[in-house]
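Student: In my numbering, the protein residues as written are 4 to 141.
By construction, the Cβ of each residue, glycine as well, lies at the ideal position given by its N, Cα and C atoms.
1. Would you call residue 32 buried or exposed, if buried means 16 or more other Cβ atoms sit within 10 Å of its Cβ?
2. Alpha carbons only, please: which of 68, 101, 71 is nearest the one belonging to residue 79?
3. Using the C-alpha atoms, what's the distance from residue 137 back to residue 47?
4. Going by the beta-carbon positions, is the gap between residue 51 and residue 30 smaller than 9 angstroms?
5. Going by C-alpha distance, which of 139, 108, 117, 94 is nearest residue 7?
6. Do the segment 102 to 120 and the segment 65 to 77 touch if we need at least three Cβ pairs shorter than 8 angstroms?
7. Go to residue 112, then tell me how far its alpha helix (DSSP H) extends in each direction, as first and last residue.
8. Look at residue 74 and residue 21 and say whether their C-beta atoms are less than 9 angstroms apart.
9. Provide the residue span of the alpha helix (DSSP H) that contains residue 56, from first to last.
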């Protein structure tokens with residue numbers, strides 16, 4: 004089912020895989036599918052061009068341990084030439100990234116990790132900075 008859903012999304016976003024002369028439409032497709040995927044927690048997705056026609060993909064979450072927040076990479080891959088990809092290559096790459104991301108999320112939550120979203124963490128950092136600034140100006 005996961006592969007079928009991904010296949011449908013890939014065909015909508017990058018129907019000309021195998022015919023592109025620039026990797027950007029494929030990178031955009033990969034990013035779109037991963038950012039729209041309904042993971043059980045907020046997952047940050049990074050898809051960037053890498054060494055010409057390649058791509059670097061990683062997914063991460065922010066995990067709160069005590070009062071500190073740390074980034075944890077859930078899945079990471081570098082592919083040397085996405086222009087050589089077939090539609091099935093993109094589908095199976097995405098399926099692997101989604102599966103690995105979901106497995107790692109499950110391991111973290113089973114271990115009791117507190118996954119926090121980036122907006123909440125940024126707001127907390129701003130509040131702490133503001134409180135520190137207020138204390139220093141008094």
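Tutor: Based on what the coordinates show:
1. Here residue 32 refers to the residue found at position 29 when the chain shown is read from its first residue. So residue 32 counts as buried.
2. One-based indexing of the chain shown puts residue 79 at position 76. When only C-alpha atoms are compared, the closest one is 101.
3. Working through the chain shown from its first residue, we reach residue 47 at position 44. Working through the chain shown from its first residue, we reach residue 137 at position 134. About 32 angstroms.
4. Here the question's residue 51 lines up with position 48 in the chain shown. Here the question's residue 30 lines up with position 27 in the chain shown. Cβ distance < 9 angstroms, so residue 51 and residue 30 count as in contact.
5. Residue 7 sits at position 4 when you count from the first residue of the chain shown. Among 139, 108, 117, 94, the Cα nearest to that of residue 7 belongs to 94.
6. yes
7. Here residue 112 refers to the residue found at position 109 when the chain shown is read from its first residue. First-last of the alpha helix (DSSP H) with residue 112: 90 to 113.
8. The count along the chain shown starts at 1 and reaches residue 74 at position 71. The count along the chain shown starts at 1 and reaches residue 21 at position 18. Against a cut-off of 9 angstroms, the Cβ pair of residue 21 and residue 74 comes out as no contact.
9. As a working note, residue 56 is residue 53 in the chain shown. Unbroken run through residue 56: none, as it is neither H nor E.
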